[in-house]
Structure formats: structure tokens, C-alpha cells
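In my numbering, the protein residues as written are 82 to 380. Below is one structure, written out as C-alpha cells, with a few remarks after it.
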């Protein structure tokens, strides 16, 4: 049913005058008459008695009037609810991040943004890095904070925030713990505990070892950085970890040694190209404006 016809019906039931209703609804008297007749035909009843220039509601019109008012009110409530939802959505950012995001200065940037814009709500969700781009493209989130080794996707845009390097994480009593730098081949006989295939750090570690001329002896692969670090501290083996992640742990029982050969990777905010919510645009502009700050802080 056309809601506009119901609005005309309700207004005409008040004015009982085609000219007045036409003025109220910014249309012509002829259009008012045409719409009322169309509504009557749709309902199969006469809504108004017409006598000369005077009109009045018929008994059927009296019955229909409260329903028409209710339908208009409910539609208005529906519009208001949807508008409120959309307004809230426009001020909400759904961001998926690597589990180790708090290790990076970009996390501080998010905090500063939310302090400056308390009207914006940020929904952060950790996700294994292997799935982040897939979730972004599937519309499960609006922005991701991810580690990228090779980035070449014309559907996405990114802001590079920080760089990071692999380091060898060794028990304090390891024979190579005092080295200034390590050639990875020096660890070929050690047992490795590394992040597994569900993270995007697994393949780079394997490739680094292969490049050094050996296949690592892996005794553990998983997703929990804290567990790997604890195992290293307990002298159960060695690991290759991102430097800024390892730095967040108490280093009293392990050491971090730089590698002579590494692989370049960046931490970036990434989103799909196109139109975005107002909060998304607000955050993106804020990050772009502060990107130099982020890079400087990471160096």
C-alpha cells in the first residue's frame, strides 16, 4: 500500500477540504482527489461522502482512519530506528588485527584517535594473520591491521605504519647467546619452536632457513607467542620471532640476536578501495596525517 495515499487520507480527514490538504502537502487539489479515489478503489470502500463542496468521513472511513494513522506512525518509527542504526554504524569501525597488535606503536595511535574522537566506537577483533585479508574482502570488517611481506592487490589500499625484523630468540645459556649477529645456519642443529601455518610468519621462517641452507628441526608450531617464549626460556629450543613482539616479554631468561640476513615486512592498516563510513574515513585521514609520527616512533 502506498503510504503517500494514507497520508493524504489522514490529512483530508482533518481538513475535510481538498484545497487545504493540497496546500498542506504541497500538491494540487486534483492530485488529492485522484489519490483518494485510488485508495478507495484499492480498499474497495468509499472513505468520504461527497455532497457539493463538502465532504465527511463515511463509517468505513471512520474504521480505516485509526489503522491509517497507526501504519504511518509505525513507518515513521521504522525510519527513525533505521536512521539511528545507520548513524551508529557510521560511527563504528570494525577492525580485525593480528594478535600481537599491542606490541606495535600503531596500537597507541588507535588509542590517541579514540581519545580525540570519543563519538567513534572501535570494535577490535583478533584474527590469525593468514585470514585477515580474506575477512576484509568478505566484508567481515572494514579495516585490518596486518603484516605484509609482499603486497600487490589493486582492490586494497594501505597505509604502511611500521617495519619489523626477525630475530633469533635463544635461551640465556645458549652457546650463541652473546653473539652480536647470527648467520641463521649457525642454528641448523637446534630445535625450533615457531608460529604455525595459520599465521603468515610460518612460510617466511621456513624460507629464511632454506635460504641459509638447511631445513629447520621443528618441535613445536602453534599460534601462542607467549607459550613459545616460555618454552625458549625453559631451554627447550630456539625460535625466530618478530623483534617488536619479542621485546614485550621479560628478557631475563632469553636473548634476542639480530640476523645477518632478514626478510622485509611492514605493519599496515589496510582497507578495500571505495566508499566507506564516516568513522572509517575519519580514522583513515587521521592515520595518514600521523603516518610520519608512526614510522618515526617505530625506528
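Ideal Cβ placement from N, Cα and C applies to all residues, glycine included. Given the structure is predicted, the values throughout are model-derived calculations rather than measurements.
To the nearest angstrom, how far is it from the Cα of residue 187 to the Cα of residue 243?
By 1-based counting over the chain shown, the position of residue 187 is 106. By 1-based counting over the chain shown, the position of residue 243 is 162. Computed Cα separation, rounded: 8 Å.
Apply the 10 Å Cβ neighbour rule to residue 86 and answer buried if 16 or more other Cβ atoms are within range, or exposed otherwise.
Stepping through the chain shown from its first residue, residue 86 is reached at position 5. Burial call: buried.
Going by DSSP in three states, residue 376 sits in which element: helix, strand or coil?
As a working mapping, residue 376 is identified with position 295 in the chain shown. Low per-residue confidence applies at residue 376: pLDDT is 42, beneath 50, and the placement is therefore not dependable, though the value from the model is reported in the following sentence. Here residue 376 sits in helix by DSSP.
Unbroken alpha helix (DSSP H) run spanning residue 112, endpoints:
Residue mapping note: residue 112 aligns to position 31 of the chain shown, counting from 1. Taken as a continuous stretch (DSSP letters only), the alpha helix (DSSP H) holding residue 112 covers 110-124.
Below 8 Å on the Cβ atoms is my contact criterion, and I expect residue 225 with residue 176 to pass it. Report the Cβ-Cβ distance as a whole number of Å.
Position 144 of the chain shown, counted from the first residue, corresponds to residue 225. Position 95 of the chain shown, counted from the first residue, corresponds to residue 176. The C-beta distance from residue 225 to residue 176 rounds to 7 Å, short enough to fall under 8 Å.
If I measure Cβ to Cβ from residue 378 and keep anything under 6 Å in the same chain, skipping five residues before and after, which residues do I get?
Position 297 of the chain shown holds residue 378. Note that residue 378 has pLDDT 42, beneath the 50 cutoff, so the model's placement of it is unreliable and the number below is only indicative. Excluding residues within five positions, the ones whose Cβ falls inside 6 Å are 186.
Touching by the beta-carbon criterion (3+ pairs, under 8 Å), the segment 329-340 and the segment 239-256
yes
For the 8 Å Cβ check, are there 3 or more pairs between the segment 288-301 and the segment 133-147?
no
Does DSSP classify residue 135 as helix, strand or coil?
The sequence position of residue 135 within the chain shown is 54, counting from 1. In this structure, residue 135 counts as strand in the three-state DSSP scheme.
Report back the beta-carbon spacing between residue 153 and residue 217 to the nearest angstrom; my notes put them in contact at under 8 Å.
Along the chain shown, read from residue 1 onward, the residue named residue 153 stands at position 72. Along the chain shown, read from residue 1 onward, the residue named residue 217 stands at position 136. Contact flag wrong, Cβ pair sits at about 41 Å.
Whose CA, out of 111, 126 and 151, lies closest to the CA of residue 140?
What you label residue 140 is simply residue 59 of the chain shown in a count that begins at 1. That would be 126, whose Cα lies nearest to the Cα of residue 140.
Which of the three DSSP states is assigned to residue 285 in this structure?
On the chain shown, position 204 is the one that residue 285 refers to. Three-state result, residue 285: helix.
Using only CA atoms, which one of 105, 256, 99 and 300 lies nearest to residue 277?
As a position in the chain shown, residue 277 is number 196, starting the count at 1. Taking only the C-alpha atoms, the option nearest residue 277 is 300.
Look up residue 303 in the DSSP assignment and say whether it is helix, strand or coil.
In the chain shown, the residue the question calls residue 303 occupies position 222. It is a strand residue.
Out of 346, 238 and 345, state which residue places its alpha-carbon closest to the alpha-carbon of residue 366.
Counting from one through the chain shown, the residue named residue 366 turns up at place 285. Residue 238 is the option with its Cα nearest to residue 366.
Whose C-beta lies closer than 7 Å to the C-beta of residue 110 among residues of the same chain, with five residues either side of it excluded?
Here residue 110 is taken as the residue at index 29 of the chain shown, counted from 1. For residue 110, the CB contacts under 7 Å within the same chain, skipping 5 residues up- and downstream, are 99, 100 and 103 in chain order.
Three or more C-beta pairs under 8 Å: does that hold for the segment 349-356 against the segment 267-277?
With a cut-off of 8 Å, the segment 267-277 and the segment 349-356 do not count as touching, because too few Cβ pairs lie within range.
Who are residue 350's beta bridge partners in DSSP?
Numbered from 1 along the chain shown, position 269 holds the residue referred to as residue 350. Residue 350 is bridged to 226 and 240.
So which of 124, 128, 122 and 123 has the shortest CA-CA distance to residue 92?
Stepping through the chain shown from its first residue, residue 92 is reached at position 11. For residue 92, the nearest C-alpha among the options comes from 128.
Inter-residue spacing [alpha-carbon to alpha-carbon] between residue 380 and residue 219:
For the purposes of this step, residue 380 is taken as residue 299 along the chain shown, with counting starting at 1. For the purposes of this step, residue 219 is taken as residue 138 along the chain shown, with counting starting at 1. Because residue 380 carries a pLDDT of 34, less than 50, the predicted location of this residue cannot be relied on, and the following value inherits that uncertainty. For the pair residue 380 and residue 219, the Cα-to-Cα distance works out to about 34 Å.
What's the gap between the Cα of residue 280 and the Cα of residue 345?
Taking the chain shown and counting its residues from 1, the one referred to as residue 280 is at position 199. Taking the chain shown and counting its residues from 1, the one referred to as residue 345 is at position 264. Cα to Cα, residue 280 sits roughly 16 Å from residue 345.
Based on Cα-Cα distance, which residue from 323, 349 and 362 lies nearest to residue 343?
Mapped onto the chain shown, residue 343 falls at position 262. Comparing Cα positions, the closest option is 323.
With residue 189 as the anchor, note down where its beta strand (DSSP E) starts and where it stops.
Counted from its first residue, the chain shown places residue 189 at position 108. Note, residue 189: premise wrong, no beta strand (DSSP E); alpha helix (DSSP H) at 186-197.
My understanding is that residue 227 touches residue 349, with C-beta atoms under 8 Å, so please give their C-beta distance in whole angstroms.
Along the chain shown, one-based indexing puts residue 227 at 146. Along the chain shown, one-based indexing puts residue 349 at 268. Confirmed, about 6 Å.
Let's test the definition: count the other Cβ atoms within 10 Å of the Cβ of residue 197 and tell me whether it reaches 16, buried, or not, exposed.
Your numbering for residue 197 matches position 116 in the chain shown. The residue in question, residue 197, is exposed, as its Cβ has fewer than 16 Cβ neighbours within 10 Å.
Here's the rule: buried if 16 or more other CB atoms are within 10 angstroms of the residue's CB, otherwise exposed. What is residue 94?
Within the chain shown, the letter at position 13 stands for residue 94. With 16 or more Cβ atoms within 10 Å of its Cβ, residue 94 is classed as buried.
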